[in-house]
Amino acid sequence: MEAVFSNFDEYLKAFGVTLGLFVVSGIGSLVLGLFLASLRVGPVAIMRRAAALYVIIFRNTPLLMIFIFMAAAMPKLGYNFKWVEDIEIAGWSVSAFFVRSTLALTLYTSAFVCEAFRSGVNSVDLGQAEAARAVGLTFAQSMRYVVLPQALRAVVPPLTSVQVALIKNTSVAAAFGMAEATATMRAFTNNNADERIQIFLLFALGYIILVEIVALSSYVLERKWKVA
Amino acid sequence: MRPRPTLRRFTAAAAAAVLATSITACGNAGNDDSETRDVDVAENAADEFEDGTRMKELAEDGKITIGVKYDQPGLGFKGATDDMPRGFDPEIGKILAGSLGIAPEDITWKETISDNREPFLQEGEVDLVIATYSITDERRQVVGQAGPYYVTGQQLLVRSDNDEINGVEDIKGSEVCSVTGSTSLDNVKKEGAKPRGFDTYSECVDQVLDGTVDAMTTDGTILLGYAAEQPDDLKVVGEPFSEELYGIGYSKDRPEMCQWINDTLTQAFEDGSWEEAFDVTLGESGVDAPEKPELQSCDA
Numbered sequence: 088m089e090a091v092f093s094n095f096d097e098y099l100k101a102f103g104v105t106l107g108l109f110v111v112s113g114i115g116s117l118v119l120g121l122f123l124a125s126l127r128v129g130p131v132a133i134m135r136r137a138a139a140l141y142v143i144i145f146r147n148t149p150l151l152m153i154f155i156f157m158a159a160a161m162p163k164l165g166y167n168f169k170w171v172e173d174i175e176i177a178g179w180s181v182s183a184f185f186v187r188s189t190l191a192l193t194l195y196t197s198a199f200v201c202e203a204f205r206s207g208v209n210s211v212d213l214g215q216a217e218a219a220r221a222v223g224l225t226f227a228q229s230m231r232y233v234v235l236p237q238a239l240r241a242v243v244p245p246l247t248s249v250q251v252a253l254i255k256n257t258s259v260a261a262a263f264g265m266a267e268a269t270a271t272m273r274a275f276t277n278n279n280a281d282e283r284i285q286i287f288l289l290f291a292l293g294y295i296i297l298v299e300i301v302a303l304s305s306y307v308l309e310r311k312w313k314v315a
Numbered sequence: 198m199r200p201r202p203t204l205r206r207f208t209a210a211a212a213a214a215v216l217a218t219s220i221t222a223c224g225n226a227g228n229d230d231s232e233t234r235d236v237d238v239a240e241n242a243a244d245e246f247e248d249g250t251r252m253k254e255l256a257e258d259g260k261i262t263i264g265v266k267y268d269q270p271g272l273g274f275k276g277a278t279d280d281m282p283r284g285f286d287p288e289i290g291k292i293l294a295g296s297l298g299i300a301p302e303d304i305t306w307k308e309t310i311s312d313n314r315e316p317f318l319q320e321g322e323v324d325l326v327i328a329t330y331s332i333t334d335e336r337r338q339v340v341g342q343a344g345p346y347y348v349t350g351q352q353l354l355v356r357s358d359n360d361e362i363n364g365v366e367d368i369k370g371s372e373v374c375s376v377t378g379s380t381s382l383d384n385v386k387k388e389g390a391k392p393r394g395f396d397t398y399s400e401c402v403d404q405v406l407d408g409t410v411d412a413m414t415t416d417g418t419i420l421l422g423y424a425a426e427q428p429d430d431l432k433v434v435g436e437p438f439s440e441e442l443y444g445i446g447y448s449k450d451r452p453e454m455c456q457w458i459n460d461t462l463t464q465a466f467e468d469g470s471w472e473e474a475f476d477v478t479l480g481e482s483g484v485d486a487p488e489k490p491e492l493q494s495c496d497a
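Encoded structure:
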């Protein structure tokens, strides 16, 4: 225990990086996933197929492979994202490693988010969409005002599962240059062989807390959006 | 029906060709062993040890399990198609096994990564750990470490065209990669560099070549091995800035092994087999064998 508590700032910083990876790729995957889902249920055949192809590619590829592609293949193709390090907003800038990691996590998770949203849209009775179109709403309007508000309720539990998986998937970044929780845990156990089990448990606890925060807020949302 | 016989003849020829290639392939694989040196195997070794010691048990069984690394060229490396790990660590293992009368082919090698070296020793999964295992006080709380059999220091590997980093004093603020969770990475972090952890050294070297990180760090000998592979693109810079004493791990329940390890190492220092082991492994990259390290007493 002492090894961790005497370096508690390291522990917090490590989970800070984990949280950063989660928040950025979480928002990214929700946006991209929602967009893909709209394409998949949309009226344009080519877009439907393109979105379906995206899901096939990224849902069926191991996350590790996407990471390897980002870290090993992209720099060789000339995309190392070094340019982001020159952008500075209010004294803050992100590293190319962070961008590559969040990009890998976002691309991967979006496929699952898309499917969760699609299942939500499918849970809304077709008659609703037909009625919306019948009163003259465009496709975008009928999605925005009729289908999605109802779908959102149905989609909270599966979406929570996807985001919880994302929190834990951030640990893959440990082997790709990010000093997040799992990487820091390995540094701790390497330096403190005599406290291995305690260190492991403390880091597991950190993940449990993070996941529980997301899970609890999803319960709150579920209750809030519930229609009597 | 005409083409049939021709086709059949073709397949037969193809099969013969494949067979021939596979035979030559086998022959080649066998030749790889010629690089290694001959190992002295003691006869009737079991008589030399007192009853009840772990050495006696091992010598009587004629078998020993040794944990080594599989991903560090020169020190402990096993390619996907290799039968046995090669490197300085396995050579030291062979010397130790030899003193128990155990021939190299009777040694069971097990891959130990940094994280499982202590658990493997504590659970008796391996008898010895010879895996770039730096001697530290924390580790000595849970396992025994005899030696050191080798002393090395951490250095930096950069691209040949990099003029900015000439030593550890230049790495502040730059990105330096090594293996996730390693001591080397911790050390450069203390020097103000941004640590970038990867799973293996080879991935890390790729990052240096791609220019995604500025430098790679770990023990100088490993870096020299990579620099020797690509002398036009990579170079090792700066003086060593840490001292790592590689020790041999054994179970704390078997303290008698320490003296035996030290005695065997002393003998290997004296009869030249230690130097020979160095020359056929780490010495391949053109480095001369360093000074023999001073062994630490087992009484401590």
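Which chain is which? The protein sequence lines are W and H, in order.
So in this note's numbering the end of the first sequence lands on 315, straight run, no missing numbers.
So in this note's numbering the end of the second sequence lands on 497, straight run, no missing numbers.
Cβ atoms here follow ideal geometry from the backbone N, Cα and C, with glycine treated the same way.
No experiment lies behind these values; they were computed from the predicted model shown.
Practice task
Could you check which residue in R283(W), I284(W), G120(W) and F199(W) has the C-alpha nearest to that of P149(W)?
Solution key: For the purposes of this step, residue 149(W) is taken as residue 62 along the first sequence, with counting starting at 1. Ranking the options by Cα distance to P149(W), first place goes to F199(W).
Handout entry: Cβ contact (3+ pairs, closer than 8 Å) linking the region 353-364 of chain H and the region 415-433 of chain H
Key = yes
Problem - Closest Cα partner of F438(H) within the set D416(H), Q427(H) and D396(H) - result: Within the second sequence, numbered from 1, the residue matching residue 438(H) stands at position 241. Checked all of D416(H), Q427(H) and D396(H); the closest Cα to F438(H) is D416(H).
Exercise for the section: Starting from F395(H), follow the beta strand (DSSP E) in both directions and report where the run begins and ends. Expected result: Reading the second sequence from its first residue, position 198 is the one you call residue 395(H). K391 to F395 is the span of the beta strand (DSSP E), which, as asked, contains F395(H).
Exercise for the section: Determine whether the Cβ of V409(H) lies closer than 8 Å to any Cβ atom of chain W. Expected result: On the second sequence, residue 409(H) is found 212 positions in, with the first residue counted as 1. At residue 409(H) the sequence reads Thr, which differs from the Val that was named. Interface residue, yes.
Handout entry: Interface flag, L431(H) vs chain W, CB-CB below 8 Å
Key = Taking the second sequence and counting its residues from 1, the one referred to as residue 431(H) is at position 234. No, no contact with chain W.
Practice task
Work out the CA separation of S448(H) and E175(W) for me, nearest whole Å.
Solution key: Working through the first sequence from its first residue, we reach residue 175(W) at position 88. Working through the second sequence from its first residue, we reach residue 448(H) at position 251. Taking the straight line from one Cα to the other gives about 53 Å.
Exercise for the section: Give the C-beta separation of I327(H) and D286(H) to the nearest angstrom, bearing in mind that I take them to be a contact with Cβ-Cβ under 8 Å. Expected result: As a first step, residue 327(H) must be located in the second sequence, where it is residue number 130. As a first step, residue 286(H) must be located in the second sequence, where it is residue number 89. Right, the Cβ-Cβ distance comes to about 4 Å (below 8 Å), so this counts as a contact.
Problem - Residues in the region 389-421 of chain H having any Cβ partner in chain W nearer than 8 Å - result: K391, P392, R393, G394, F395, D396, E400, D403, Q404, D407, G408, T409 and V410
Practice task
Drop a sphere of 10 angstroms on the beta-carbon of T414(H), count the other beta-carbons inside from all chains shown, and report buried for 16 or more, exposed for fewer.
Solution key: Here residue 414(H) corresponds to residue number 217 of the second sequence, with the count starting at 1. Looking at its Cβ environment, which holds 16 or more other Cβ atoms inside 10 Å, T414(H) is buried.
Practice task
Compute the distance between the beta-carbons of A274(W) and D383(H), then report whether it is under 8 Å.
Solution key: On the first sequence, residue 274(W) is found 187 positions in, with the first residue counted as 1. On the second sequence, residue 383(H) is found 186 positions in, with the first residue counted as 1. Yes, Cβ-Cβ distance for A274(W) and D383(H) is below 8 Å.
Exercise for the section: Use the C-beta contact count for V365(H): other C-beta atoms within 10 angstroms, 16 or more gives buried, fewer gives exposed. Expected result: Residue 365(H) sits at position 168 when you count from the first residue of the second sequence. When all chains shown are included, V365(H) counts as buried.
Problem - Residues of its chain near N363(H), where Cβ-Cβ distance is below 6 Å and the 5 sequence neighbours each way are ignored - result: Here residue 363(H) refers to the residue found at position 166 when the second sequence is read from its first residue. Excluding sequence neighbours, N363(H) sits near V434.
Practice task
Using 10 angstroms around the beta-carbon of W457(H), count the other beta-carbons present and answer buried if the total reaches 16, otherwise exposed.
Solution key: Within the second sequence, residue 457(H) is the residue found at index 260, counting from 1. Under this definition W457(H) is a buried residue.
Exercise for the section: Output, in chain order, the set of chain H residues within a Cβ distance shorter than 7 Å of R273(W). Expected result: Counting from one through the first sequence, the residue named residue 273(W) turns up at place 186. Per Cβ cutoff of 7 Å: D312, T377 and G378.
Problem - C-alpha distance - S116(W) paired with Q250(W), whole-angstrom precision - result: As a first step, residue 116(W) is located in the first sequence; it is residue number 29 there, counting from the start. As a first step, residue 250(W) is located in the first sequence; it is residue number 163 there, counting from the start. Using only the alpha carbons, I get a separation of about 9 Å.
Exercise for the section: With 8 Å as the threshold, decide whether the Cβ of E322(H) is near any Cβ in chain W. Expected result: The sequence position of residue 322(H) within the second sequence is 125, counting from 1. Not closer than 8 Å to any Cβ of chain W, the Cβ of E322(H) fails to qualify, so no.
Handout entry: For P301(H) and G224(H), the rounded distance between their alpha carbons
Key = On the second sequence, position 27 is the one that residue 224(H) refers to. On the second sequence, position 104 is the one that residue 301(H) refers to. Low confidence applies here, because G224(H) scores a pLDDT of 41, under 50, leaving its location unreliable and the question unanswered by this model.
Practice task
Compute the beta-carbon to beta-carbon distance between A203(W) and L246(W), rounded to the nearest angstrom, for a pair I have assumed lies under 8 Å.
Solution key: Numbered from 1 along the first sequence, position 116 holds the residue referred to as residue 203(W). Numbered from 1 along the first sequence, position 159 holds the residue referred to as residue 246(W). The pair is a contact, with the Cβ atoms about 5 Å apart (cut-off 8 Å).
Exercise for the section: In the DSSP assignment, find the alpha helix (DSSP H) that holds R356(H) and state where it starts and stops. Expected result: As a position in the second sequence, residue 356(H) is number 159, starting the count at 1. Counting along the chain, R356(H) falls outside any alpha helix (DSSP H), though it belongs to the beta strand (DSSP E) covering Q351 to R356.
Handout entry: Inter-stretch contact at 8 Å, needing at least 3 Cβ pairs: the region 321-339 of chain H / the region 268-278 of chain H
Key = yes
Handout entry: Complete runs of the alpha helix (DSSP H) confined to the region 399-481 of chain H [at least 4 residues]
Key = 417-426, 453-468 and 470-477
Practice task
Measure from the C-beta of D173(W) to each C-beta in chain H and report whether the shortest distance is under 8 Å.
Solution key: Residue numbering aside, residue 173(W) sits at position 86 when the first sequence is read from its first letter. No, D173(W) lies away from the interface with chain H (no Cβ there is under 8 Å from its Cβ).
Exercise for the section: State yes or no: is the beta carbon of Q352(H) nearer than 8 Å to at least one beta carbon in chain W? Expected result: Taking the first residue of the second sequence as position 1, residue 352(H) is located at position 155. Output row for Q352(H): interface = no.
Problem - Proximal residues to T221(H) (C-beta, below 8 Å), its chain only, five neighbours per side dropped - result: Against the second sequence, residue 221(H) aligns to sequence position 24. Residue placement at T221(H) is flagged as unreliable, the pLDDT there being 46, under the threshold of 50; a coordinate-derived value is accordingly withheld.
Practice task
Return the bridge partner residues of V376(H) from the DSSP annotation.
Solution key: To locate residue 376(H), count along the second sequence from 1; it is residue 179. F395(H).
Exercise for the section: Name the residue from T193(W), L235(W) and L194(W) whose alpha carbon lies nearest to the alpha carbon of V211(W). Expected result: Position 124 of the first sequence, counted from the start, is the residue given in the question as residue 211(W). That would be L235(W), whose Cα lies nearest to the Cα of V211(W).
Exercise for the section: Below 8 Å CB to CB, which residues in the same chain sit around C175(H) once its five sequence neighbours on both sides are set aside? Expected result: The requested residue 175(H) does not occur in the structure, where chain H is confined to residues 198 to 497.
Practice task
Determine the burial state of D358(H): buried for a count of at least 16 other Cβ atoms within 10 Å of its Cβ, exposed for fewer.
Solution key: Numbered from its first residue, the second sequence carries residue 358(H) at position 161. That one is exposed.
Practice task
Give a yes or no on whether the minimum CB-CB distance between L492(H) and chain W is below 8 Å.
Solution key: By one-based count along the second sequence, residue 492(H) stands at place 295. Closer than 8 Å: no.
Exercise for the section: In the DSSP assignment, find the unbroken beta strand (DSSP E) run with A239(H) in it and report its ends. Expected result: Numbered from its first residue, the second sequence carries residue 239(H) at position 42. Run containing A239(H): none; DSSP gives neither H nor E here.
Exercise for the section: Going by CA-CA distance only, name the one from L289(W), E267(W) and A227(W) that's closest to P130(W). Expected result: Numbered from 1 along the first sequence, position 43 holds the residue referred to as residue 130(W). Selected option, being the one with the closest Cα: A227(W).
Handout entry: Spatial distance of L479(H) from D367(H) (CA atoms)
Key = For this step, residue 479(H) is matched to residue 282 along the second sequence. For this step, residue 367(H) is matched to residue 170 along the second sequence. One C-alpha to the other measures close to 28 Å.
Problem - Alpha-carbon spacing of G408(H) relative to V243(W), whole angstroms - result: Start at 1 with the first residue of the second sequence, and residue 408(H) comes out as number 211. Start at 1 with the first residue of the first sequence, and residue 243(W) comes out as number 156. Near 42 Å, if we compare the C-alpha coordinates of V243(W) and G408(H).
Exercise for the section: Decide if T377(H) is buried, meaning its Cβ has at least 16 other Cβ atoms within 10 Å, or exposed. Expected result: Stepping through the second sequence from its first residue, residue 377(H) is reached at position 180. Result: buried.
Exercise for the section: Could you check what DSSP says for P345(H) in three-state terms: helix, strand or coil? Expected result: Here residue 345(H) corresponds to residue number 148 of the second sequence, with the count starting at 1. Of the three classes helix, strand and coil, the one that applies to P345(H) here is strand, per DSSP.
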